[in-house]
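Undergrad: Dropping the structure in here first, questions after.
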Amino acid sequence: MTKHFIPVALDTYFRGSSDELEFCEKIGAGGNHIATGTAGGRRLGQEADLRLRERELSRVLDEFLALPEGERMPALPSTEGSRPPDRPVPRPPPGGTVLRGYCAYLERDESGKLVRAKRFYYEENPDRWAAETQSDTLWLTPEETRSLVPPEPRVGSRVEAPSRVQKRLFGTVGIDYMEGSVNSLRVRESSLTLRVEAATEGSIELRIEGAAKLGKPHDEASRKEPRSRGSEVRIIGRASYDRAKGAFTRFDLVGAGKAWGCKMDYVDREIRIREHPWWYGVACELVAGSTPLDRIPPYNMLHYGEAGKYFEE
Amino acid sequence: MNMRLRNAWPTFLFTAFLSGGISRAAESPTSVPEIPHADLDRLLAAIRPQPGESPWREIPWLTSIREARERAAREGKPIVVFTAADGSPLSRT
Numbered sequence: 000m001t002k003h004f005i006p007v008a009l010d011t012y013f014r015g016s017s018d019e020l021e022f023c024e025k026i027g028a029g030g031n032h033i034a035t036g037t038a039g040g041r042r043l044g045q046e047a048d049l050r051l052r053e054r055e056l057s058r059v060l061d062e063f064l065a066l067p068e069g070e071r072m073p074a075l076p077s078t079e080g081s082r083p084p085d086r087p088v089p090r091p092p093p094g095g096t097v098l099r100g101y102c103a104y105l106e107r108d109e110s111g112k113l114v115r116a117k118r119f120y121y122e123e124n125p126d127r128w129a130a131e132t133q134s135d136t137l138w139l140t141p142e143e144t145r146s147l148v149p150p151e152p153r154v155g156s157r158v159e160a161p162s163r164v165q166k167r168l169f170g171t172v173g174i175d176y177m178e179g180s181v182n183s184l185r186v187r188e189s190s191l192t193l194r195v196e197a198a199t200e201g202s203i204e205l206r207i208e209g210a211a212k213l214g215k216p217h218d219e220a221s222r223k224e225p226r227s228r229g230s231e232v233r234i235i236g237r238a239s240y241d242r243a244k245g246a247f248t249r250f251d252l253v254g255a256g257k258a259w260g261c262k263m264d265y266v267d268r269e270i271r272i273r274e275h276p277w278w279y280g281v282a283c284e285l286v287a288g289s290t291p292l293d294r295i296p297p298y299n300m301l302h303y304g305e306a307g308k309y310f311e312e
Numbered sequence: 000m001n002m003r004l005r006n007a008w009p010t011f012l013f014t015a016f017l018s019g020g021i022s023r024a025a026e027s028p029t030s031v032p033e034i035p036h037a038d039l040d041r042l043l044a045a046i047r048p049q050p051g052e053s054p055w056r057e058i059p060w061l062t063s064i065r066e067a068r069e070r071a072a073r074e075g076k077p078i079v080v081f082t083a084a085d086g087s088p089l090s091r092t
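Protein sequence lines correspond, in order, to chains A and B.
Straight run, no breaks: the first sequence in numbering that gives the first Met the number 0 ends on number 312.
Straight run, no breaks: the second sequence in numbering that gives the first Met the number 0 ends on number 92.
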C-alpha cells in the first residue's frame, strides 16, 4: 500500500482545519467510506466502489499515473488563514497512561478451557465474513496512573483502584464491543485490586484482579428489547511500574465475561450467537509508542454512553 | 453429608481446576468463575488480533490530511482516505 499510496484514516467528525475539510469534500472523503485523490484535491476512482483491495486500487493508480506531473506532484497552496478545526482531535493526557484494548468472542473447548471462538456476520449467508478482533484505547491521567500503585509498596501491600478508573475501564473496554459502535455500560458493581508482588528501588511488580457487573441485569425475557445489554466480567493482569519515571512499563490485562441482551442496539449488521448469555474476552496492553495509531482517542470519549463523560469524577 | 463424599470434594475441585483453567464448577448462566493467573498469557494471545487476521492494522496510517497532502505532493503518490462516521476506522470498526 505505502509503495503506491499515502494512506490516511480519519473519524469523519474530526477531519481537521478548514483547508483539510475542503480537501475531503473535493475528493468525497467522509462517512463510512474509502476515497482517493491527488495531493491537489482531484478526485480519483470516482466511478469505482472502492475497497482496500488491489483490484480497485490498481485502477486508481493507473488513473493517477496518466495525469501530468504537475498534478501528481503539485505545489500546495499556503494554509495560512485556514480556520482551525471546529472539533480538535483529543490528545492523551501528558504523562498519563495509554492502554490498547482488544475484544474477541470466546467459547469453551471440549476440555472446558476458554478459547477464542470464530463468529460470523450473517452466518447462514454464503458471503458471510468473520468478525474481527475489535480494538479501542483507554486513557488515564497521571494522577490516575499513580493511584494504581500502593503508596508504600511492600510485597503484599495492595490498593483498590479509584471508582472513576474502575468505571472507565470496565464500562468502556471491559464490555463486549464486538459490534464496534457500542456505547459504554454503567458499572453496577466492581472491584479492581493491585497487589505488590515484588518491589525494588527501581520498580514495582503488581498483580491485578478485578470483577464487574455491567449494564442491565440478565433477564432472558428481555433479550430482544432495546437497551437490555449487560455483562459480568472477571479480569486478571500484571503490571510493572518504573518508580523513577512514575510510569508503567508493562500493563497486561485479560478478562473473560458473559454478555447478554440485544446486540442490535447500535448497528444493523448482526454477528449471530445462539447462546444467551455468550462468552467474550477482553485484553489490554500498554501503548508505549507515539504513532498516529497510538494516539487514537478512546471510542467512548467521543460517544458518551450510560457511563457519562470520559474523565468525569 | 457423608464423610467419604465430603473428603472427596477437595479432590474433585482440584481436578476441575486442572482440567481446564477456568472451572465450570458452580457456574450460573451469568456468573464468571475466577481466572487462574497461569492462564494470562494463553488468554492474552487468544484475544489479541490473530496473525493475518487484519492486514489493514499493519498499514502505517496517517491521521492528518495536511501531512498526507505534503507527503503525496513530495513523493508523487495518490492519497487513500479511509473514513468512519462513528469513531476512527482504526479503532472500533
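No residue lacks a Cβ here, since even glycine has one placed at the ideal position from N, Cα and C.
Note that the structure is a prediction, hence the values are computed from the model and not measured.
I want to see whether chain B comes within less than 9 Å of H3(A), judged by CB atoms only; does it?
TA: In the first sequence, residue 3(A) corresponds to position 4, counting from 1. True, the Cβ-Cβ gap to chain B drops below 9 Å.
Undergrad: Candidates Y309(A), P225(A) and E151(A): which alpha carbon is nearest T197(A)'s?
TA: As a working mapping, residue 197(A) is identified with position 198 in the first sequence. Residue identity differs from the one stated: residue 197(A) is Ala in this sequence, not Thr. Per the Cα distances, E151(A).
Undergrad: Is it right to say D126(A) is buried, meaning 16 or more other beta carbons lie within 10 angstroms of its own, or is it exposed?
TA: To locate residue 126(A), count along the first sequence from 1; it is residue 127. Looking at its Cβ environment, which holds fewer than 16 other Cβ atoms inside 10 Å, D126(A) is exposed.
Undergrad: Between the region 285-302 of chain A and the region 89-106 of chain A, are three or more C-beta pairs nearer than 8 Å?
TA: yes
Undergrad: Among L43(A), G39(A) and A65(A), which residue has its Cα nearest to the Cα of A67(B)?
TA: As a first step, residue 67(B) must be located in the second sequence, where it is residue number 68. Relative to A67(B), the option among L43(A), G39(A) and A65(A) whose CA is nearest is G39(A).
Undergrad: On the three-state DSSP scale, how would you describe K308(A)?
TA: Translated into the one-based positions of the first sequence, residue 308(A) becomes position 309. Three-state result, K308(A): coil.
Undergrad: Look up G19(B) in the DSSP assignment and say whether it is helix, strand or coil.
TA: If you number the second sequence from 1, residue 19(B) lands on position 20. Its pLDDT being 48, under 50, G19(B) is placed unreliably in this model, and the coordinates cannot settle the point.
Undergrad: Quick one: any contact between the region 200-207 of chain A and the region 129-143 of chain A, if contact means 3 or more CB pairs under 8 Å?
TA: Judged by Cβ distances under 8 Å, the region 200-207 of chain A makes no contact with the region 129-143 of chain A, as fewer than three pairs qualify.
Undergrad: I want to see whether chain B comes within less than 9 Å of R249(A), judged by CB atoms only; does it?
TA: Numbered from 1 along the first sequence, position 250 holds the residue referred to as residue 249(A). So no, R249(A) is outside the interface.
Undergrad: Identify the residues that DSSP records as bridge partners of Y279(A): which are they?
TA: The residue given as residue 279(A) occupies position 280 in the first sequence. Per DSSP, Y104(A) and G256(A).
Undergrad: Can you give the Cα-Cα distance for M300(A) and Y309(A), rounded to whole angstroms?
TA: Looking up residue 300(A) in the first sequence gives position 301. Looking up residue 309(A) in the first sequence gives position 310. Answer to the nearest angstrom: the Cα atoms are 5 Å apart.
Undergrad: Per DSSP, what are the beta-bridge partners of T136(A) in this structure?
TA: Here residue 136(A) corresponds to residue number 137 of the first sequence, with the count starting at 1. Paired residues: R99(A).
Undergrad: Between G30(A) and T92(B), which are expected to be in contact by the criterion C-beta below 8 Å, what is the C-beta distance as a whole number of angstroms?
TA: To locate residue 30(A), count along the first sequence from 1; it is residue 31. To locate residue 92(B), count along the second sequence from 1; it is residue 93. No, G30(A) and T92(B) are not in contact; Cβ-Cβ is about 14 Å, not under 8 Å.
Undergrad: Return no unless some Cβ of chain B is closer than 9 Å to the Cβ of T132(A).
TA: Along the first sequence, read from residue 1 onward, the residue named residue 132(A) stands at position 133. Answer yes: the Cβ-Cβ gap between T132(A) and chain B drops below 9 Å somewhere.
Undergrad: Hey, out of F247(A), S16(A) and V172(A), whose CA is closest to S230(A)'s CA?
TA: Translated into positions along the first sequence, residue 230(A) becomes position 231. Nearest of F247(A), S16(A) and V172(A) to S230(A), Cα basis: V172(A).
Undergrad: Per DSSP, what are the beta-bridge partners of E122(A) in this structure?
TA: Along the first sequence, one-based indexing puts residue 122(A) at 123. In the DSSP output, where bridge partners are listed per residue, E122(A) has none listed.
Undergrad: Pick out whichever of D85(A), D48(A) and L43(A) has its Cα sitting closest to the Cα of K76(B).
TA: On the second sequence, residue 76(B) is found 77 positions in, with the first residue counted as 1. Checking every option, the nearest Cα to that of K76(B) belongs to L43(A).
Undergrad: Where R107(A) and A255(A) are concerned, what is the direct C-alpha to C-alpha distance, given to the nearest angstrom?
TA: Position 108 of the first sequence holds residue 107(A). Position 256 of the first sequence holds residue 255(A). Distance between the alpha carbons of R107(A) and A255(A): 11 Å.
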